[in-house]
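Asks: Just so you know, the protein sequences line up as chains A and B, in that order.
Our numbering puts the first sequence at residues 8 to 102.
Our numbering puts the second sequence at residues 8 to 102.
First the structure, which I've put down as structure tokens, then a few questions once you've had a look.
There are 2 protein chains.
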Amino acid sequence: MDIKQSDTEIKQRVFFALSDPGRYKIISMLYHVGHEMGCNELNQHVEIDKSTMSYHLRTLREIGITNTRTQGRQKYVSLNIEKIERLLPGLLRLL
Amino acid sequence: MDIKQSDTEIKQRVFFALSDPGRYKIISMLYHVGHEMGCNELNQHVEIDKSTMSYHLRTLREIGITNTRTQGRQKYVSLNIEKIERLLPGLLRLL
DNA sequence: GATACTGTTTGACGATTGTAAAACTATAAA
DNA sequence: TTTATAGTTTTACAATCGTCAAACAGTATC
Numbered sequence: 008m009d010i011k012q013s014d015t016e017i018k019q020r021v022f023f024a025l026s027d028p029g030r031y032k033i034i035s036m037l038y039h040v041g042h043e044m045g046c047n048e049l050n051q052h053v054e055i056d057k058s059t060m061s062y063h064l065r066t067l068r069e070i071g072i073t074n075t076r077t078q079g080r081q082k083y084v085s086l087n088i089e090k091i092e093r094l095l096p097g098l099l100r101l102l
Numbered sequence: 008m009d010i011k012q013s014d015t016e017i018k019q020r021v022f023f024a025l026s027d028p029g030r031y032k033i034i035s036m037l038y039h040v041g042h043e044m045g046c047n048e049l050n051q052h053v054e055i056d057k058s059t060m061s062y063h064l065r066t067l068r069e070i071g072i073t074n075t076r077t078q079g080r081q082k083y084v085s086l087n088i089e090k091i092e093r094l095l096p097g098l099l100r101l102l
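Pasting the structure below:
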């Protein structure tokens, strides 16, 4: 039940993701460490409330620029670098 | 009476500018035509209400990524490409 | 002068946003 | 089973956002 999205629409959503300080930090952090991070590990670096963090991570997931892996009661988030690079090559280097 | 802004803050504002369909079109249009455009000329390509257009152009001006020149009763808008390129090199090519 | 044109500002409106407390789900440990 | 931990969802709230009609300001033309 997905509504088809043009590349431009997705680009705009990526820019939207990067327009909030919290999300910018999350994305930047994930990119620069270069591997997945646990949510609490993220929380140590990006100090926002855990429910706010969850809210932002859901936004990023819905845009489709993060992947989530569950192991036990921990969740690990990583950037979908391929997708971002395909859509906006070179963008991540600018953060 | 300006509050000092970090590069990161300005980047986030540029991304915010690009997150709205109308502003995205304005910026993209200005970049691709490669020269300044009159507001009504812009309006022909980006069909939004004139007051909405004015609202968006003010936003872009406040972020500092456009220049405005007045001649008679016409206003001409152009992209501050140097500033954008200095802050986010290569971004404009991606639009 | 009056009129037409270009763009801004104001005001109102519904919609969306980011935040955080609280309740909740699911898993792990005791 | 009970307790602790990790993260989500719900709910509520203030703040901001994008839109448009209306009134406005400045300039050009008649």
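Think of the CB as a built atom: it goes at the ideal place given N, C-alpha and C, for glycine as much as any other residue.
Since the model is a prediction, treat every value here as computed from it, not as a measurement.
Put Q51 (chain A) into one of helix, strand or coil per three-state DSSP.
Replies: Looking at Q51 (chain A) - three-state DSSP - the assignment turns out to be helix.
Asks: Can you pull the chain B neighbours of Y62 (chain A), defined as C-beta to C-beta under 7 Å?
Replies: Those within 7 Å of Y62 (chain A) in chain B number zero; the least Cβ separation is about 17 Å.
Asks: Taking contact to mean 3 or more Cβ pairs, one atom from each stretch, closer than 8 Å, check whether the region 35 to 55 of chain B and the region 91 to 102 of chain A are in contact.
Replies: No: fewer than three Cβ pairs fall under 8 Å.
Asks: Using a Cβ cut-off of 7 Å (strictly closer), state whether G71 (chain A) contacts chain B.
Replies: Not closer than 7 Å to any Cβ of chain B, the Cβ of G71 (chain A) fails to qualify, so no.
Asks: How would you list, in chain order, the residues of chain A whose beta-carbon sits under 7 Å from the beta-carbon of S85 (chain B)?
Replies: Within chain A, no residue comes near S85 (chain B); the closest Cβ sits about 21 Å away, beyond 7 Å.
Asks: Between the Cα of I88 (chain B) and the Cα atoms of B:T59, B:R80, B:L37, which residue gives the shortest distance?
Replies: With distances taken between Cα atoms, I88 (chain B) lies closest to B:L37.
Asks: Determine the burial state of H42 (chain A): buried for a count of at least 16 other Cβ atoms within 10 Å of its Cβ, exposed for fewer.
Replies: By the neighbour-count rule (16 or more Cβ atoms within 10 Å), H42 (chain A) is not buried but exposed.
Asks: Are the C-beta atoms of G79 (chain A) and some chain B residue less than 7 Å apart?
Replies: No, its Cβ sits nowhere closer than 7 Å to a Cβ of chain B.
Asks: How long is the line joining the alpha carbons of K18 (chain A) and R76 (chain B), rounded to whole angstroms?
Replies: K18 (chain A) and R76 (chain B): Cα-Cα distance of roughly 30 Å.
Asks: Find out if the Cβ-Cβ distance for the pair H59 (chain B), L67 (chain B) is shorter than 7 Å.
Replies: First, the residue type needs correcting, since residue 59 (chain B) is Thr and not His in the sequence shown. Their beta carbons are not under 7 Å apart, which means T59 (chain B) does not touch L67 (chain B) by this criterion.
Asks: Taking only three categories from DSSP, how would you classify L86 (chain A)?
Replies: The answer is strand: DSSP assigns L86 (chain A) an E or B state.
Asks: Please determine, among A:V84, A:L94, A:E92, A:T15, the residue with the shortest C-alpha to C-alpha distance to R30 (chain A).
Replies: It is A:V84.
Asks: Could you spell out the range, first to last residue, of the beta strand (DSSP E) harbouring R100 (chain A)?
Replies: Note, R100 (chain A): premise wrong, no beta strand (DSSP E); not H, not E.
Asks: Residues of chain A with CB closer than 9 Å to the CB of G97 (chain B), please, in chain order.
Replies: Within chain A, the residues near G97 (chain B) are P96, G97, L98, R100, L101.
Asks: State the beta-bridge partners of R76 (chain A) as determined by DSSP.
Replies: R76 (chain A) pairs with A:Y83.
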